[in-house]
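Read the structure below first, then the notes.
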Amino acid sequence: MKRARCMGWIALVLSIGLTGCLGTREWQYPPLPEGRYLGITAQQSLPATVVVLPFEDLRGREIREEYWKITIPLVPYGVVIYDRPEEIQSPEPVDQVRFHPSIDFARALADEVREAEIFSSVIFAHGPAIPPSDFVLRGRLYSTRWERVVTTYLLGPLGTVFWILGLPMGDTTTQVTMDLRLTPADDPSQVLWSFAMDFESWRLDSPYYGLEEAVQSYAMALQDTLRPAIKDLVKKAAERIAPFQPVP
0 MKRARCMGWI
10 ALVLSIGLTG
20 CLGTREWQYP
30 PLPEGRYLGI
40 TAQQSLPATV
50 VVLPFEDLRG
60 REIREEYWKI
70 TIPLVPYGVV
80 IYDRPEEIQS
90 PEPVDQVRFH
100 PSIDFARALA
110 DEVREAEIFS
120 SVIFAHGPAI
130 PPSDFVLRGR
140 LYSTRWERVV
150 TTYLLGPLGT
160 VFWILGLPMG
170 DTTTQVTMDL
180 RLTPADDPSQ
190 VLWSFAMDFE
200 SWRLDSPYYG
210 LEEAVQSYAM
220 ALQDTLRPAI
230 KDLVKKAAER
240 IAPFQPVP
């Protein structure tokens, strides 16, 4: 009963302090606030069509929810960890994320490749049938790990006063790990180009800042993850891919 009252107090503080601060929880790419693509452009487009497929989802399934620990005085923090944050049923509002990584990340990749003008045509294929093309770009998604740490400064429910006064309520770490590989459309086993990426972002959270970036933290992390990959593909496309172009 005591723990329930403590959690109720913390929930009340959160509901008062976070109203209007959470922003949209929907996925958007390119990420806000700029809403811009990477701006990397090839000097010359290869006259070929590439199809980008939804990523293979190889993420883990860890779920850890320990916010209740911050109701206990002298306990430094509580942590929430989600390997698949979009699948959590009835999460706390600050942990709500609405996106479909295997699809949204692949579509963002297709958009960046198209904007880079590496190929004359780029198609995102979301369906059972793969459209006719010269090349296929595939990805494997290993991690979208979400970890939020919340503290009440060892004071239990009383520590939420520090949140209202402007001190950080905790921090959030967002991880994106994946790899890409480009193959001829007629031979998936022949990898012409590949790239592995591992990116981690960290930020402080407060009722007054940070919480509205929950979903956008993934879009921003993805764009930072894709930056070296697109640069590498632009650099190596002529050398590794051009020889496999179809003969007109």
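To convert, note that position 237 of the sequence shown is 236 in numbering that gives the first Met the number 0; the numbers rise steadily by one, no gaps. In this text, a Cβ means the ideal position worked out from N, Cα and C, and glycines have one as well. Please read these numbers as outputs of a predicted model, since none were measured by experiment.
Proximal residues to residue i (C-beta, below 7 Å), its chain only, five neighbours per side dropped
| i | result |
| --- | --- |
| residue 130 | 50, 122, 124 |
| residue 249 | Residue 249 cannot be examined here, being either before or after the span of the chain that is shown, 0 to 247. |
| residue 4 | Reliability of the predicted coordinates at residue 4 is poor, the pLDDT of 49 falling under 50, and the value obtained from them is presented with this limitation in mind. Taken in chain order, the list of residues that qualify is empty. |
| residue 35 | 29 |
Cβ shell of residue i (< 8 Å), same chain only, five flanking positions each side left out
| i | result |
| --- | --- |
| residue 169 | 76, 147, 148, 149, 150, 203, 204 |
| residue 45 | 117, 118, 119, 236, 237, 240, 241, 244 |
Closest by C-alpha distance to residue i, when choosing among the options
| i | options | result |
| --- | --- | --- |
| residue 236 | 188, 183, 163 | 183 |
| residue 298 | 60, 43, 86, 97 | Beyond the ends of the chain as shown, which are 0 and 247, falls residue 298; an answer cannot be given. |
| residue 208 | 223, 38, 74, 166 | 166 |
| residue 48 | 128, 242, 180, 118 | 118 |
| residue 240 | 201, 197, 180 | 180 |
| residue 199 | 224, 193, 186 | 224 |
| residue 31 | 238, 231, 232, 216 | 216 |
| residue 85 | 109, 159, 25 | 25 |
| residue 191 | 157, 231, 120 | 231 |
Buried versus exposed, by CB contacts within 10 Å (16 or more), residue i
| i | result |
| --- | --- |
| residue 111 | buried |
| residue 19 | Summary for residue 19: the model assigns pLDDT 43, below 50, so the residue's position carries little reliability; its value from the coordinates is reported in the next sentence. Residue 19 comes out exposed. |
| residue 133 | buried |
| residue 144 | buried |
| residue 128 | exposed |
| residue 195 | exposed |
| residue 238 | exposed |
Beta-carbon gap between residue i and residue j smaller than 9 Å
| i | j | result |
| --- | --- | --- |
| residue 220 | residue 116 | no |
| residue 57 | residue 139 | yes |
| residue 187 | residue 135 | yes |
Spatial neighbours of residue i in its chain, beta-carbon cut-off 6 Å, leaving aside the 5 residues before and after
| i | result |
| --- | --- |
| residue 74 | 68 |
Below 8 Å, can you find three or more Cβ-Cβ pairs linking the stretch 77-91 to the stretch 57-69? Touching, per the Cβ criterion.
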